[in-house]
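For what it's worth, this note's numbering labels the leading residue of the sequence shown as 20, then goes sequentially.
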Amino acid sequence: MGARSGVPVDEVLALVDAVLREAGLSRTAVRSLGTLDARAAEPGIAGAAALLGVPVRGFAAEELAAVSVPHPSARPLAATGTASVAEAAALLAAGTEPGTDAGAVPGAVVAPGTGEPAAPPARARTVLLVPKRKTRRATCALAASVPVRSHEDAPGARLLPRTHGYIAGEPGSPPTIPTPHTTAAMDMHTHTDAHDLRHHGDAEVRDEKLIDLAVNVRTDTPPDWLRRRIADSLTGLAAYPDGRVARAAVAERHDLPTDRVLLTAGAAEAFVLLARALPARRPVVVHPQFTEPEAALRDAGHAVGRVLLREEDGFRLDPAAVPEDADLVVIGNPTNPTSVLHPAASIAALARPGRTLVVDEAFMDAVPGERESLAGRTDVPGLVVLRSLTKTWGLAGLRIGYVLAAPGTIADLERAQPLWPVSTPALVAAEACMSRAALAEAEHAAHRIGVERAHLLAGLAEFDEVRTVAGAEGPFVLVRIDGADAVRERLRSLGFAARRGDTFPGLDRNWLRLAVRDRATTNRFLQALDQALLMGG
Numbered sequence: 020m021g022a023r024s025g026v027p028v029d030e031v032l033a034l035v036d037a038v039l040r041e042a043g044l045s046r047t048a049v050r051s052l053g054t055l056d057a058r059a060a061e062p063g064i065a066g067a068a069a070l071l072g073v074p075v076r077g078f079a080a081e082e083l084a085a086v087s088v089p090h091p092s093a094r095p096l097a098a099t100g101t102a103s104v105a106e107a108a109a110l111l112a113a114g115t116e117p118g119t120d121a122g123a124v125p126g127a128v129v130a131p132g133t134g135e136p137a138a139p140p141a142r143a144r145t146v147l148l149v150p151k152r153k154t155r156r157a158t159c160a161l162a163a164s165v166p167v168r169s170h171e172d173a174p175g176a177r178l179l180p181r182t183h184g185y186i187a188g189e190p191g192s193p194p195t196i197p198t199p200h201t202t203a204a205m206d207m208h209t210h211t212d213a214h215d216l217r218h219h220g221d222a223e224v225r226d227e228k229l230i231d232l233a234v235n236v237r238t239d240t241p242p243d244w245l246r247r248r249i250a251d252s253l254t255g256l257a258a259y260p261d262g263r264v265a266r267a268a269v270a271e272r273h274d275l276p277t278d279r280v281l282l283t284a285g286a287a288e289a290f291v292l293l294a295r296a297l298p299a300r301r302p303v304v305v306h307p308q309f310t311e312p313e314a315a316l317r318d319a320g321h322a323v324g325r326v327l328l329r330e331e332d333g334f335r336l337d338p339a340a341v342p343e344d345a346d347l348v349v350i351g352n353p354t355n356p357t358s359v360l361h362p363a364a365s366i367a368a369l370a371r372p373g374r375t376l377v378v379d380e381a382f383m384d385a386v387p388g389e390r391e392s393l394a395g396r397t398d399v400p401g402l403v404v405l406r407s408l409t410k411t412w413g414l415a416g417l418r419i420g421y422v423l424a425a426p427g428t429i430a431d432l433e434r435a436q437p438l439w440p441v442s443t444p445a446l447v448a449a450e451a452c453m454s455r456a457a458l459a460e461a462e463h464a465a466h467r468i469g470v471e472r473a474h475l476l477a478g479l480a481e482f483d484e485v486r487t488v489a490g491a492e493g494p495f496v497l498v499r500i501d502g503a504d505a506v507r508e509r510l511r512s513l514g515f516a517a518r519r520g521d522t523f524p525g526l527d528r529n530w531l532r533l534a535v536r537d538r539a540t541t542n543r544f545l546q547a548l549d550q551a552l553l554m555g556g
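So, in structure tokens, the structure goes:
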């Protein structure tokens with residue numbers, strides 16, 4: 020526990036109860052309340068401990084400061100020398116709990132006590148089950164010493180030397196209590212709900228050394244040949260970017276005239292251009308899917324409707340669910356985060372005179388043969404296809420993508436762009452990735468991803484607690500686990516980052532998105548998932 024002077028007992032107890040509920044535990048799991056030794060006699064903490072029937076364990080500031088914490092904050096660091104009293108105390112208390120048995124999972128509490136720090140018991144690992152949660156005057160975290168099976172090779176424990184810590188600002192702290200969102204039936208209505216449409220997978224790994232299953236960028240990229248091409252382009256930075264060669268290369272790759280191609284600073288810029296440049300009275304986004312299109316439309320002043328696909332239908336599109344009067348429809352294929360690949364015919368059936376049909380194909384090059392792609396089609400009225408080069412080629416930091424559409428639409432979008440929107444290195448990368456050798460390499464990568472995805476899905480099928488969305492075709496899979504938000508935090512304590520699902524409309528806190536990785540990484544993750552599920556009982 021971390022607490023301010025004068026915090027009442029009921030506030031401490033309410034926070035403890037909320038943290039225990041999040042972990043799926045009851046008060047009987049609590050072994051002690053740990054805190055900064057200067058707060059050990061605080062009436063609110065001492066009173067709560069008495070009602071729980073557990074001791075208060077106070078730790079010196081230097082003991083707490085030696086513990087690396089996942090969610091540090093500048094304010095407690097300045098006040099106590101500890102980046103998070105609650106998390107450090109929880110981890111230290113759990114690792115030094117008297118009588119801890121390596122064969123059991125004690126429900127260690129939220130803040131530690133007195134005594135000399137000692138190593139966790141044999142064949143046990145100290146992990147953070149629930150990260151720091153806050154009220155106005157208290158913070159609380161939950162840690163436990165959990166068994167490690169002899170065959171497991173899980174990432175290291177969280178009791179690390181002080182030099183492994185880091186400092187971050189308060190804005191990065193997790194919310195006090197996650198907000199649940201109910202999975203809706205297929206429906207169409209406007210929303211102003213609390214889904215964080217600006218949350219992206221990179222936030223799961225930023226500032227932390229975690230094995231990344233949250234971001235869908237292919238690992239070990241960009242390849243050396245592409246790095247060299249980009250590096251060689253730096254000698255020409257004195258000149259303004261000239262996109263004609265790259266634009267022609269994209270057009271040739273899709274067998275289109277150049278006036279049907281627009282290069283953009285990633286697909287994200289394309290969504291902003293569409294929201295600002297195209298008139299739309301009733302835009303509709305098909306969810307669950309990438310949230311940036313809706314965020315861009317909202318920012319441009321549009322009231323956005325949603326069609327929510329249902330889990331029981333496999334999150335597959337029914338074209339009849341899209342209202343006839345929608346004049347702009349956005350759908351992903353394959354869809355992020357469901358990994359569903361919709362038939363091209365089903366998506367083309369959404370086209371209408373006077374309607375703009377936007378298809379986000381950012382992950383289509385991860386599908387062998389790019390089957391079901393609409394890129395290059397000129398017979399679908401109002402079709403706009405978006406492509407990204409950042410995922411397959413590892414260019415998220417360079418920002419490069421493109422739009423394929425009718426010449427009039429391309430002209431409207433281009434007028435909304437600033438001058439020279441795509442940098443010279445990005446243009447060189449775009450040209451290079453359109454070569455025959457590059458396309459062959461991408462196709463090979465797509466087949467390899469399919470093999471590794473099958474291995475991941477086979478491993479997930481071994482867990483009764485895990486349900487996967489069937490028919491995944493992208494470089495990621497969507498899974499449902501009761502209490503997945505708590506499981507995700509346990510995975511973080513074990514060194515793995517997974518993408519939370521509750522920021523996607525149509526999903527709730529029980530969903531996670533997992534990127535497909537190489538077999539060795541997947542095997543380590545499956546071991547960590549086994550341990551994370553074990554922690555929850």
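Built from N, CA and C at the ideal position, the CB exists for glycine as well. Quantities reported herein were computed from a predicted structural model and do not represent experimental measurements.
Starting from the C-beta of residue i, find all residues in its chain whose C-beta is less than 7 Å away, skip the five residues before and the five after it, and write them out in chain order.
i      : result
Leu297 : Leu347, Thr375 and Asp431
Val304 : Pro312, Glu313, Val323, Arg325 and Val349
Ser365 : Leu336 and Pro338
Val291 : Ala315
Ala435 : Leu292, Arg295 and Ala296
Ala68  : Leu52, Pro74 and Val75
Gly469 : Pro387
Measure the C-alpha to C-alpha separation of residue i and residue j and round it to an integer number of angstroms.
i      : j      : result
Arg528 : Val73  : 31 Å
Glu271 : Glu462 : 18 Å
Leu293 : Leu96  : 45 Å
Gly255 : Thr443 : 8 Å
Ser392 : Val280 : 16 Å
Asp278 : Ala265 : 13 Å
Val88  : Ser103 : 7 Å
Val38  : Gly373 : 52 Å
Asp398 : Trp439 : 31 Å
Ile249 : Thr154 : 49 Å
His210 : Glu41  : Reliability of the predicted coordinates at His210 is poor, the pLDDT of 46 falling under 50, and no value is obtained from them.
Thr540 : His273 : 35 Å
Glu460 : Gly395 : 20 Å
Asp14  : Pro437 : Nothing can be reported for residue 14: it is not among the residues displayed for the chain, which extend from 20 to 556.
Val378 : Ile429 : 15 Å
Ala340 : Gly333 : 15 Å
DSSP three-state label for residue i, please.
i      : result
Ala458 : In the sequence as presented, Ala is not what sits at residue 458; that position holds Leu. Helix, per DSSP.
Lys228 : coil
Gly255 : helix
Phe515 : strand
Ile350 : strand
Ala424 : strand
Leu393 : coil
Thr240 : coil
Pro302 : strand
Ser358 : coil
Glu30  : helix
Thr145 : strand
Phe334 : coil
Please check the pair residue i and residue j, which I expect to be a contact at CB under 8 Å, by giving their CB distance rounded to whole angstroms.
i      : j      : result
Ala464 : Arg156 : Their Cβ separation, rounded to whole angstroms, is 52 Å, which puts Ala464 and Arg156 out of contact at 8 Å.
Ala370 : Pro342 : That pair is no contact at about 14 Å.
Met383 : Pro362 : With a Cβ gap of about 13 Å, Met383 and Pro362 do not count as contacting.
Ala385 : Pro494 : 5 Å
Glu492 : Leu360 : 4 Å
Asp551 : Val506 : For the sequence presented, residue 551 should be read as Ala rather than Asp. That pair is a contact at about 5 Å.
Leu232 : Arg536 : 6 Å
Ala620 : Phe515 : No answer is possible for residue 620: the residues shown for the chain start at 20 and end at 556.
Asp483 : Asp504 : 19 Å between Cβ atoms; not a contact.
Measure the CB-CB distance between residue i and residue j and report whether it falls below 8 Å.
i      : j      : result
Leu275 : Leu423 : yes
Leu111 : Glu81  : no
Ala517 : Leu497 : no
Arg152 : Leu34  : yes
Leu282 : Ala449 : yes
Gly25  : Asp56  : no
Phe309 : Asn355 : yes
Met20  : Val269 : no
Ala113 : Val86  : no
For residue i, which residues of its own chain have a beta-carbon under 8 Å away from its beta-carbon, when the five flanking residues on both sides are left out?
i      : result
Glu508 : Leu147, Leu148, Val149 and Pro150
Ala368 : Pro338
Asn542 : Gly478
What does a CB cutoff of less than 6 Å around residue i pick up in its chain, not counting 5 residues either side in sequence?
i      : result
Arg301 : Asp344, Ala345 and Asp346
Arg23  : Arg156
Ala287 : Glu311
Ile230 : Gly514 and Phe515
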